[in-house]
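Trainee: Dropping a structure here in structure tokens format, bear with me for questions.
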Amino acid sequence: MNRKQLVKLLADHGVEDEVVLVDGFEEAFLGITESQPGRLACAVYDTAKCLNILVDRDGMSQDGAIEFFEYNVAGTHMGDRTPVFLTSIKTSTKKKGTK
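Numbered according to the numbering used here, the sequence shown spans residues 873 to 971.
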């Protein structure tokens, strides 16, 4: 899915003006958070897919992708609409007690 298609999908759900998207990670987009009254919806991305994009598209090593992602993508604060990055327990290589 490209950005234009993603924006259309969000418009179809009436949240295109609420959700902040992360450029270049459209293929890692999973959906949006459910909002309670007074809270904004946030975009949700698959962390593993984001890392794969950095490795495949940008030629980064896995370690380089993790470092870049943690600082420049997941570590970027965008206010109340900051996207959420989901790490699936099934696909995570992290072990309990490690960062």
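Virtual Cβ for every residue (Gly too), placed ideally from N, Cα, C.
(1) Excluding five sequence neighbours on each side, which residues of the same chain lie with their C-beta closer than 8 Å to the C-beta of Val887?
(2) Looking only at DSSP bridge pairs, what is Asp998 linked to?
(3) Compute the distance between the beta-carbons of Val891 and Leu902, then report whether it is under 8 Å.
(4) Per DSSP, Gly903 forms a beta bridge with which residues?
(5) Whole angstroms is fine: what's the gap from Ala920's alpha carbon to Pro909's?
(6) Could you check which residue in Val916, Met950 and Met932 has the C-alpha nearest to that of Leu923?
Mentor: This is what the structure holds:
(1) By one-based count along the sequence shown, residue 887 stands at place 15. Excluding residues within five positions, the ones whose Cβ falls inside 8 Å are Ile904 and Ala913.
(2) Here the chain covers residues 873 to 971 and nothing more, so residue 998 does not appear.
(3) For the purposes of this step, residue 891 is taken as the residue at position 19 of the sequence shown. For the purposes of this step, residue 902 is taken as the residue at position 30 of the sequence shown. Contact: no.
(4) The residue you call residue 903 lines up with position 31 of the sequence shown. Val916.
(5) Mapped onto the sequence shown, residue 920 falls at position 48. Mapped onto the sequence shown, residue 909 falls at position 37. C-alpha separation (whole angstroms): 31 Å.
(6) Numbered from its first residue, the sequence shown carries residue 923 at position 51. It is Met932 whose Cα lies nearest to the Cα of Leu923.
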